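Position one of the sequence shown corresponds to residue 924 (the numbering used here), numbered consecutively onward.
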Amino acid sequence: MSDASKGLRLYNTLTRTKEDFFPIDPRNVRMYVCGPTVYDFAHIGNARPVIVFDVLFRLLRHLYGQAHVTYVRNITDVDDKINDRALRDFGAEIASGKLSLNEAIRRVTEKTADQFHKDVATLGCLQPTVEPRATEFVEPRADGKVDMISLIQRLIERGHAYVAAGEVLFDTASMPDYGQLSKRNLDEQQAGARVAVDPHKKNPGDFVLWKLSSPEEPGWDSPWGRGRPGWHIECSAMSAAYLGEVFDIHGGGLDLIFPHHENEIAQSRCAHGTDVMAKVWMHNGFLQVEGQKMSKSLGNFYSINELLETETFGGRRWPGEVLRLAMLMTHYRDPIDFSVRKLEEAENTLRKWKRAADLVPAAAKQLPVEVVEALSDDLATYPAFQVLTRLAGEAVDFNAAGDGNATACNDAAASLKAALLFLGFDVTPAKVDEDAIARAIAKRLTLIAAGNWAEADRIRAELLAQGIQLKDGKDPVTSARITTWEVKR
């Protein structure tokens, strides 16, 4: 274990305190983060935990070594929302017999999962060490890894689950300290408050581990009939399969604390007979858009792909690394107001950093220790970014001062470049497509001549996002309006 790793402190939702982090095994630091349910393209709120825990993954690899960190992020590919989407999108083909429901579900999940991978890669996120799919862990496996049916059987045998009305339910009353994570006890839980109310339940808070499937629905054979798993049991099985009965860190969004994470803890602890499921529970704060809760009814619901590929937010497309920086400018536990103004601020900041980093051809310096120290304090990105801004200022100032300061300029720029690379930002100098720029300028001049200033401004902003700054002027011979450009990263 490196000396630097001893300084890592993380806020633990379970204890509501910031704690020194000591891994169970420094040779295998283990982290699980709840991944997407692939029934629709991931929205911008889904991007926040992916980005936050990507930074933690990078930090853990830096502190403990890349080979000593295991990061598991699952894909939920069995869910009633997926079934509904398959019926919506392929109902006619299913009705005519051209597609089975299972085939339609596979089409939905494959398309959505592929898009998720493309989107998060554009956001600068590393691939997790393992990315299990829920459907691969329903039945007993040839490799002996933990599966959902076996886990449910163990809960029944230990008196923590029961069969009623064709379902298998977890008996919350069988766990005296149920509610530790959310700080809710059974008496405080009200029937109907994010829990399903059914007369066959022993307690209103009891939740489904296994439910029966109709002949038309996807299902697996089990001791309780052909059916499918409940949502919570999926993560308990997949985390145990790759990380063991107790592991270091479990992460996700604040909205998952109850009931999902609470129920994961209940299932896992009761099945394995352990005091904890994960030592540290970390949750990122909520996201709102332009000061309002994100909602389709309000018209402010955006997928990651929409922000990357269309002009629906702020009238333009946004580069993935700008979205990434905008997310990280707010501490992960705080609520974030995702706005055009915030994206513009992130874009301007990133441009200044990159302009300074481009003063040297390669990152010859190690990651600045001040960046590691800042992030080691519960992922405090703001002071880390202050270090980047300082390095950028030093590099530019030393460069402007002349050759006598070349070494100092190179050192600052190289350190900055190393920090940017570590934080998931592209430090490769942008390739300039001069023909494409010329076409965009020509189109813009045509729009200006036609008085279409809004569209002309959009092209200017789009080019600026690529680091191309336009300069308008007059031809000294003809006095005609002309535009020149330069790269301003």
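Here a beta-carbon is modelled for each residue, glycine too, at the ideal position from N, C-alpha and C. Here the structure is a predicted model, which is why all the values come from computation and not from measurement.
Where residue i falls, given that 16 or more other Cβ within 10 Å makes a residue buried
i     : result
G1047 : buried
L1221 : exposed
S1145 : buried
T1330 : exposed
W1241 : buried
N1006 : buried
E1139 : exposed
E1191 : Residue identity differs from the one stated: residue 1191 is Ser in this sequence, not Glu. Result: buried.
Q1076 : buried
N969  : buried
V1400 : exposed
A1373 : exposed
F945  : exposed
D1257 : exposed
S1402 : exposed
S1019 : exposed
L937  : buried
E1033 : exposed
T1369 : exposed
A1114 : Below a pLDDT of 50, predicted positions are generally treated as unreliable, and A1114, at 44, falls in that range; the measurement from the model is reported next regardless. Classification for A1114: exposed.
G1150 : buried
Coarse secondary structure for residue i, derived from DSSP in three states
i     : result
D1260 : strand
T1141 : Checking the sequence shown, residue 1141 turns out to be Pro, not Thr. P1141 falls in the coil class under three-state DSSP.
R1192 : helix
P1152 : strand
D1358 : helix
W1133 : strand
R1239 : strand
R1383 : helix
F964  : coil
T938  : coil
V992  : strand
Q1038 : helix
L1092 : strand
E1317 : helix
V1053 : strand
T1233 : coil
T999  : strand
D1300 : strand
Q1113 : Summary for Q1113: the model assigns pLDDT 46, below 50, so the residue's position carries little reliability, and this model does not support an answer.
P1460 : Since the first residue of the chain shown is 924 and the last is 1412, residue 1460 is not available in this structure.
Neighbourhood of residue i by C-beta distance below 6 angstroms, restricted to the same chain and skipping five residues each side
i     : result
S1338 : K1288, P1291 and L1314
K1394 : T1407
V1294 : A1307, V1310 and A1342
A1116 : Here the model assigns A1116 a pLDDT of 48, short of 50, so the residue's position is not dependable and the matter cannot be decided.
M1250 : R971 and I974
E1174 : Residue identity check: residue 1174 is Gly in the sequence provided, not Glu. Once the five neighbours on either side are set aside, the close Cβ partners of G1174 are V956, F976 and M1205.
S1105 : I1180, F1181 and E1185
For residue i: DSSP bridge partner residues
i     : result
H1173 : Y955 and W1204
F1224 : In DSSP, F1224 forms no bridge with anything.
R1404 : K1397
D943  : R932
K1216 : Q1211
Y911  : Any property of residue 911 remains undetermined from this structure, which presents the chain solely from 924 to 1412.
Q1392 : E1409
Residue i at chain C interface by Cβ criterion, 7 angstroms
i    : result
L933 : Among the chains in the structure shown there is no chain C, since it carries only a single protein chain.
Contacting residues, own chain, Cβ-Cβ under 8 angstroms from residue i (five flanking each side not counted)
i     : result
L1024 : N1006, A1009, L1010, I1017, E1139, E1140 and P1141
E1234 : R1240 and R1381
For this session: Kindly confirm or deny that the segment 972-987 and the segment 1032-1049 touch, where touching means at least three C-beta pairs closer than 8 angstroms.
Result: yes
Problem set entry | Three-pair Cβ contact test at 8 angstroms for the segment 943-958 versus the segment 982-996 | yes
For this session: Say whether the segment 1123-1139 touches the segment 1164-1173, bearing in mind that this needs 3 or more beta-carbon pairs closer than 8 angstroms, one atom from each stretch.
Result: no
Exercise. Within the chosen definition, does the segment 1199-1209 reach the segment 1305-1312 through at least 3 CB pairs nearer than 8 angstroms?
Worked result: no
Exercise. Okay, do the segment 1180-1190 and the segment 1151-1165 touch, 3+ Cβ pairs below 8 angstroms being the bar?
Worked result: yes
Exercise. Using 8 angstroms as the Cβ pair cut-off and three pairs as the minimum, do the segment 957-964 and the segment 993-1006 touch?
Worked result: yes
Problem set entry | the segment 1093-1108 in contact with the segment 1122-1130 per 3-pair CB rule at 8 angstroms | yes
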